[in-house]
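Everything on this sheet refers to the single structure shown next.
Chains as they are written, first to last, in this note's numbering: chain A, 1 to 184; chain B, 185 to 771.
Put into structure tokens, the structure is as follows:
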């Protein structure tokens with residue numbers, strides 16, 4: 001159902017109602033202070049929202065600012081509610097929906113350990129080269145590859161590696177920025 | 185002003201600089217330095233409660249009846265955990281509380297020290313914000329920011345957890361009152377275009393209704409004044425949530441009574457059938473909306489709220505306006521006066537006639553008895569006999585609370601203190617204490633139930649100690665009445681543990697505490713007993729024995745729409761089948 005919106009430029013404007021869950025990437029600028037991550041995570045668990053991926057790191061040391069990048073799923077109404085609830089937290093400076101605001105770059109880093117001999121080992125190395133993964137550790141029976149890419153790229157690589165003696169995977173979670181010259 | 189002082193002194197100095205005159209608290213090991221400072225000064229009045237939860241609710245009552253923040257001081261560990269219910273209550277009802285908790289010294293944090301608990305961790309989800317003070321240099325900023333955050337925007341509780349060694353340390357105190365220490369800055373002024381659109385929509389309305397809530401009361405006395413002006417200007421009918429009672433006077437010509445699960449027939453039907461709904465400082469709570477997909481299906485909705493997250497949370501707003509109710513109402517009135525809209529008088533008259541038909545149902549009518557006091561009658565008499573007094577009402581939670589909301593008329597804001605969002609049994613008695621401390625000469629009545637009142641009965645001792653002449657008016661039906669009513673509605677009248685077999689003698693209990701006990705059992709002795717209660721200038725427990733099995737009507741059963749209300753003359757068969765399978769899942 002579409003509700004015809006008025007002419008106002010209100011920041012909290014109507015969106016289409018939809019019951020279809022979508023995946024959105026939110027970028028949240030917060031004060032880097034004790035407990036801030038617990039506040040964000042507690043909000044998600046307490047209100048029953050999903051977290052698919054979450055990364056956090058200080059990005060502006062002098063201003064004590066950290067950026068939290070959250071990938072979450074929900075109906076458009078739930079996504080808006082998540083953003084508004086995040087906005088209520090006192091240490092939160094800004095919340096931007098990178099999925100909605102247009103073009104953004106999303107990258108993740110993965111370390112992938114494979115073990116094997118013979119053809120499996122050769123195939124693993126060949127695939128790693130095809131994906132432009134770096135070999136950061138090697139023994140006679142194993143490799144650790146480092147791969148940076150979109151989460152989908154990494155999913156694809158990891159899936160292929162299961163055929164080549166995959167042992168374990170470590171992923172950083174998503175880092176994302178909007179394209180263009182302006183910051184959030 | 186800059187001065188060297190200890191952390192404990194800073195706490196007291198910040199209170200003084202913030203204009204605090206009263207705090208509620210309970211001492212313990214981790215706050216002894218602050219208590220030592222309290223001992224050595226006479227600017228701050230400390231009220232010693234009997235249980236920390238009581239301090240929290242007393243501070244809530246103080247805050248709601250004065251518009252000032254309530255201040256609480258408790259110790260670490262159990263002192264802090266006992267505050268959790270009151271903090272959650274204040275968060276749900278948007279009550280400004282500043283709670284100072286003691287903490288074990290910093291070098292013991294994390295060692296499971298005696299009376300240590302993770303106070304900031306436990307209270308994170310039940311406060312607007314909280315802090316663990318880690319350096320003495322941070323303390324003055326945090327204390328003043330705590331007051332700013334608690335009282336501005338959507339008000340709420342905050343906790344400042346201060347380790348004992350920091351209370352002893354000396355540092356530089358600066359008065360940071362009203363100086364922002366974080367980027368927190370709530371938006372108070374509504375979007376101008378949205379306000380103009382809202383006025384245009386309201387002006388063209390044929391079947392409008394104003395639906396107001398606790399946000400109007402929280403926005404201060406100006407908001408209630410502006411609301412009354414706007415009702416006069418527009419001529420719109422007005423209803424309110426439980427939390428908003430008093431913002432518009434119950435004797436006002438446009439008043440429909442409370443809405444929601446136990447609201448009036450006319451208020452709920454007006455909400456269901458309206459074409460323009462103006463929600464002012466309310467949040468479309470489930471007690472208000474009933475079945476959400478059948479909620480006011482044909483209306484355009486204007487939603488004014490200071491909290492952006494309230495908008496489109498439960499019900500979609502056609503015109504959302506984020507801002508302080510007082511600011512937005514002021515602008516709306518300005519625009520209305522500028523544009524001088526021509527209203528559809530014929531349609532509005534027809535709407536009022538329809539409302540009159542609903543009113544004629546007399547949904548609050550009940551059968552009176554000559555030998556047993558009906559609970560509704562008790563509230564009606566209490567209201568009539570206290571009319572000329574400077575009266576404040578608090579309640580516990582349950583049937584008595586709903587009867588108080590239905591049968592007591594509130595003419596002014598800040599006169600009605602009740603636990604709306606959290607529904608905390610045991611709220612009313614300590615809240616009444618807090619109100620009485622703030623208004624020593626007023627008539628402060630806790631309308632209570634026999635079950636709820638026992639949850640914080642110990643605060644009677646506090647009332648005696650401070651000569652706070654609160655009146656605890658118990659509608660005693662021997663049951664947890666609302667639980668029993670729901671068991672009748674939902675569970676085949678199997679009254680599982682809702683009957684209180686061992687009840688104290690409330691008259692003797694009052695006397696044991698040093699107060700006055702009064703009992704009324706028959707309708708013909710009620711007026712004299714109430715008058716006696718009013719005349720006594722000491723704490724009173726009034727044991728009003730009422731009909732045991734009375735139900736609270738009207739009622740929108742869970743999972744039903746506004747136009748599917750049960751009225752007071754509902755038969756037992758109707759009650760038995762009132763709630764469907766899906767409604768049984770709801771609370």
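Just so you know, even glycine gets a beta-carbon here, dropped at the ideal spot from N, CA and C.
- The three-state reading of DSSP puts residue 619 of chain B in helix, counting H, G and I together.
- For residue 568 of chain B, the enclosing alpha helix (DSSP H) begins and ends at 559–570.
- Under the Cβ criterion (8 Å, minimum of three pairs), the segment 293–305 of chain B does not count as touching the segment 322–333 of chain B.
- Closer than 8 Å to the CB of residue 309 of chain B there is at least one CB belonging to chain A.
- A residue is called buried once 16 or more other Cβ atoms fall within 10 Å of its Cβ, and residue 229 of chain B, having fewer, is exposed.
- At least one CB atom of chain A sits nearer than 8 Å to the CB of residue 304 of chain B.
- Nearest to residue 49 of chain A by alpha-carbon distance, out of A/22, A/57, A/124, is A/22.
- Here residue 341 of chain B is bridged, per DSSP, to B/281.
- In the assembly as shown, residue 244 of chain B is a buried residue. Its beta-carbon has 16 or more other beta-carbons within 10 Å.
- Considering only beta carbons, the part of the segment 488–502 of chain B lying closer than 9 Å to chain A consists of 491, 492, 493, 494, 495, 496, 497, 500, 501, 502, in chain order.
- The bridge partners DSSP lists for residue 287 of chain B are B/347.
- Interface flag for residue 333 of chain B against chain A is set, since a Cβ pair is found closer than 8 Å.
- Against chain A, the beta carbon of residue 368 of chain B has neighbours under 7 Å at 90, listed in chain order.
- The DSSP-derived three-state label of residue 502 of chain B is coil.
- When DSSP states are grouped into helix, strand and coil, residue 246 of chain B belongs to the helix group.
- Scanning B/398, B/479, B/713, B/212 for the CA closest to the CA of residue 742 of chain B turns up B/479.
- The Cβ atoms of residue 389 of chain B and residue 460 of chain B lie closer than 8 Å to each other.
- By the C-beta density criterion, residue 533 of chain B is exposed, having fewer than 16 other C-beta atoms within 10 angstroms.
- For residue 96 of chain A, the CB contacts under 6 Å within the same chain, skipping 5 residues up- and downstream, are 27, 184 in chain order.
- Residue 84 of chain A belongs to the set of residues whose beta carbon lies under 8 Å from a beta carbon in chain B.
- The way I'd put it, the segment 314–323 of chain B doesn't touch the segment 259–268 of chain B; fewer than three beta-carbon pairs between them come closer than 8 Å.
- Take residue 463 of chain B, set aside five residues on each side of it, and the residues of its chain with a beta-carbon closer than 6 Å to its own are 395, 487, in chain order.
- In the DSSP secondary-structure assignment, residue 77 of chain A is not bridged to any residue.
- At a Cβ-Cβ threshold of 8 Å, residue 759 of chain B and residue 649 of chain B do not count as neighbours.
- When the Cα atoms are used, residue 437 of chain B and residue 74 of chain A turn out to be separated by approximately 45 Å.
- One Cα belongs to residue 551 of chain B, the other to residue 734 of chain B, and the distance between them is close to 10 Å.
- In the three-state reduction of the DSSP assignment, residue 318 of chain B falls in the coil class, being assigned neither a helical nor a strand state.
- The alpha-carbon separation between residue 740 of chain B and residue 762 of chain B amounts to approximately 9 Å.
- Taking a Cβ-Cβ cut-off of 8 Å, the neighbours of residue 42 of chain A in chain B comprise 308, 309, given in sequence order.
- Secondary structure in the segment 700–748 of chain B: the beta strand (DSSP E) runs of 3 residues or longer, each lying completely within the stretch, are 700–704, 724–729 in chain order.
- If you keep only unbroken alpha helix (DSSP H) runs of at least 4 residues inside the segment 617–676 of chain B, you get 643–649, 665–674.
- Residue burial is scored here from C-beta neighbours: residue 119 of chain A has fewer than 16 other C-beta atoms within 10 angstroms and is therefore classed as exposed.
- Around residue 129 of chain A, no beta-carbon contact reaches into chain B at under 7 Å, the shortest distance being about 48 Å.
- Taken atom to atom, the span from the alpha-carbon of residue 717 of chain B to that of residue 440 of chain B is near 31 Å.
- Judged by DSSP in its simplified three-state form, residue 763 of chain B adopts coil rather than helix or strand.
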